[in-house]
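Chains as they are written, first to last, in the numbering used here: chain A, 1 to 115; chain B, 1 to 108.
Beta carbons: idealized from backbone N, C-alpha and C, even for Gly.
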């Protein structure tokens, strides 16, 4: 079946603009994760959903970052008043279960560039 | 806290072997290994759960020593397709913390 998809693949924003990044997880997957990957680094955890519930948002760097998954499938990561330090690749991952030891399947990411 | 990977980079000729190490200062539930090629999604290779098991995927295998909080990934008889950046992800409470990655270049 289809893997995790993300859109847009590339986004250029002027500093101060708001952006919305979309993630379509694998159908039926309970858990959804957002990660931020800076150039030359590994992904860093941002937030975690189990169905529609946001169970962990400890990795969100500031209150300008907001994520939602209202119907337990598609998720949107919104960044308000973007800053240059927000430039990164934003990866979404989903896993079939809601517990530990589950494989996380990653999407191709959205590369955000803030000018 | 992020796990520490070593080496940072390795260059191999086709057919050579390599080992990538991953160590953590925290108790781990599992270790996940991924390979990422430039501009692409990280691709899942394998997951190792507590218990010191060893798993394999084609000619790529891994071990997990939970007492030492370490995992190693073994690339055997490397192929050109093995080139990429390898990340270990250490799991505590469902969250993955990734190392900085090991860049593997396999040359003909």
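Quick one: what's residue i bridged to in DSSP?
| i | result |
| --- | --- |
| residue 84 (chain B) | B:104 |
| residue 46 (chain A) | Answer by DSSP bridge pairing: none, since residue 46 (chain A) is not bridged. |
| residue 11 (chain A) | A:112 |
| residue 41 (chain A) | Residue 41 (chain A) pairs with nothing; no bridge assigned. |
| residue 70 (chain B) | B:23, B:65 |
| residue 17 (chain A) | According to DSSP, residue 17 (chain A) bridges with nothing at all. |
| residue 6 (chain A) | A:23 |
From the DSSP output, in three-state form, read off residue i for me.
| i | result |
| --- | --- |
| residue 86 (chain A) | helix |
| residue 95 (chain A) | strand |
| residue 57 (chain A) | coil |
| residue 111 (chain A) | strand |
| residue 91 (chain B) | strand |
| residue 22 (chain A) | strand |
| residue 67 (chain A) | strand |
| residue 78 (chain A) | strand |
| residue 144 (chain B) | No information on residue 144 (chain B) is available, as it lies outside the stretch 1 to 108 that chain B covers here. |
| residue 31 (chain A) | strand |
| residue 79 (chain B) | coil |
If you measure from the CB of residue i, is any heavy atom of the ligand COA nearer than 7 Å?
| i | result |
| --- | --- |
| residue 98 (chain A) | As far as ligands go, the structure on display features none, and thus does not contain the ligand COA. |
Taking the CB atoms as reference points, tell me whether residue i and residue j lie closer together than 8 Å.
| i | j | result |
| --- | --- | --- |
| residue 105 (chain A) | residue 4 (chain A) | yes |
| residue 84 (chain B) | residue 26 (chain B) | no |
| residue 111 (chain A) | residue 18 (chain A) | no |
| residue 111 (chain B) | residue 33 (chain B) | No answer is possible for residue 111 (chain B): it lies beyond the span of chain B, which begins at 1 and ends at 108. |
| residue 90 (chain B) | residue 10 (chain B) | no |
| residue 92 (chain A) | residue 39 (chain A) | no |
| residue 101 (chain B) | residue 3 (chain B) | no |
| residue 78 (chain A) | residue 20 (chain A) | yes |
| residue 108 (chain B) | residue 80 (chain B) | yes |
| residue 29 (chain B) | residue 103 (chain A) | no |
| residue 108 (chain A) | residue 36 (chain A) | no |
| residue 51 (chain A) | residue 30 (chain A) | yes |
| residue 45 (chain A) | residue 59 (chain A) | yes |
| residue 47 (chain A) | residue 54 (chain A) | yes |
| residue 74 (chain B) | residue 61 (chain B) | yes |
At a CB-CB cut-off below 9 Å, which residues of chain A make contact with residue i?
| i | result |
| --- | --- |
| residue 9 (chain B) | Neighbours of residue 9 (chain B) on chain A: none; closest Cβ ~11 Å, over 9 Å. |
| residue 20 (chain B) | Correct list: empty, because the minimum Cβ distance to chain A is about 13 Å. |
| residue 64 (chain B) | Ordered by position in chain A, no residue passes the 9 Å Cβ test against residue 64 (chain B), which lies about 12 Å from the chain. |
| residue 82 (chain B) | Per Cβ cutoff of 9 Å: no residues; residue 82 (chain B) is ~18 Å from chain A at best. |
Residues of chain B with a CB under 8 Å from the CB of residue i: which are they?
| i | result |
| --- | --- |
| residue 49 (chain A) | What residue 49 (chain A) touches in chain B: nothing, since even the nearest Cβ is about 11 Å away. |
| residue 107 (chain A) | 41 |
| residue 36 (chain A) | Near residue 36 (chain A) there are no residues of chain B at all, since even the closest Cβ is about 11 Å away, more than 8 Å. |
List the residues of chain B whose Cβ lies closer than 7 Å to the Cβ of residue i, in chain order.
| i | result |
| --- | --- |
| residue 72 (chain A) | In chain order: nothing, as chain B lies at least about 17 Å away. |
Report the neighbours of residue i on chain A: residues whose CB is nearer than 8 Å to its CB, in chain order.
| i | result |
| --- | --- |
| residue 91 (chain B) | 100, 101 |
| residue 47 (chain B) | 101, 103 |
Name the chain B residues whose beta carbon is nearer than 9 Å to that of residue i?
| i | result |
| --- | --- |
| residue 45 (chain A) | 95, 96, 97, 98 |
Report the neighbours of residue i on chain A: residues whose CB is nearer than 7 Å to its CB, in chain order.
| i | result |
| --- | --- |
| residue 29 (chain B) | 100, 101 |
Inset, instruction - Write down every uninterrupted run of the alpha helix (DSSP H) in the stretch 1–50 of chain B whose length is 4 residues or greater and which is fully enclosed by it, in chain order. - result: none
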